[in-house]
Amino acid sequence: MSKVLYVDHQKCTGCQLCELVCAVSHDGISNPARSRIRVVKWEAEGLYIPMTCQQCQDAPCMNVCPVKAISRNEESAQVTVDYDVCIGCRSCVGVCPFGAMNFNPTDRQVFKCDHCDGDPQCVRFCEVKAVDFIEADKVTINKRRQAAERVSTASKDAAALQDQL
Numbered sequence: 057m058s059k060v061l062y063v064d065h066q067k068c069t070g071c072q073l074c075e076l077v078c079a080v081s082h083d084g085i086s087n088p089a090r091s092r093i094r095v096v097k098w099e100a101e102g103l104y105i106p107m108t109c110q111q112c113q114d115a116p117c118m119n120v121c122p123v124k125a126i127s128r129n130e131e132s133a134q135v136t137v138d139y140d141v142c143i144g145c146r147s148c149v150g151v152c153p154f155g156a157m158n159f160n161p162t163d164r165q166v167f168k169c170d171h172c173d174g175d176p177q178c179v180r181f182c183e184v185k186a187v188d189f190i191e192a193d194k195v196t197i198n199k200r201r202q203a204a205e206r207v208s209t210a211s212k213d214a215a216a217l218q219d220q221l
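Each residue of the sequence shown is one higher than the one before, counting from 57 in the working numbering.
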């Protein structure tokens, strides 16, 4: 079974340590612009949301690449970039709906999350466990559990409102 990065944005504190660790582990420099994970601050809700490649089933980045440098690894189901083939045209950067494709102007190539070859450093260093690397089928279980919690809370709130009437 393939593994995926699972993000629980409710736990994220916005410390951006995941960005720093990612940049250092991949490029050896503490430059968050070189990170494969980005923490987005959603001001309206007061949330921080770690964003990374969503490994889209019908990945727009794969479909738009003119030299087919982006493909899906059959074993891991992960979308990968072949840096020997990439020409740095940035077509994938513009089409990614999650902003997960980035461009390195020094190397003149795109880059994205590669799950650190199965040992994601963002997961290892996230103290609040906002990012986890879990079996893909567990994501469904977690989502069902969260949905059940929301339904339960909504039911309790509705009952309390009805009691007030």
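Glycine residues also receive a C-beta, built at the ideal position from the N, C-alpha and C atoms. It should be emphasised that the depicted structure is a prediction, and the values quoted were computed from it without experimental measurement.
The beta carbons of Asp83 and Ala186 sit no closer together than 7 Å. Secondary structure of Thr209 (DSSP, three-state): helix.
Sorting Met107, Pro106, Val135 by C-alpha distance to the C-alpha of Asn119 places Val135 at the top. By the criterion of a C-beta distance shorter than 6 Å, Cys169 is surrounded in its chain by Arg92, Thr108, Cys109, once the five residues flanking it on both sides are discounted. When only Cα atoms are considered, Glu75 and Pro153 end up about 20 Å apart. DSSP places Asp219 in the helix class (H, G or I) of the three-state scheme.
DSSP places Lys97 in the strand class (E or B) of the three-state scheme. Distance check between Gly150 and each of Thr162, Glu131, Ala115 places Ala115 closest, using alpha-carbon atoms only. Here the alpha carbons of Ala216 and Thr209 stand approximately 11 Å from one another.
In this structure, DSSP gives Asn119 a helical state, which the three-state scheme calls helix.
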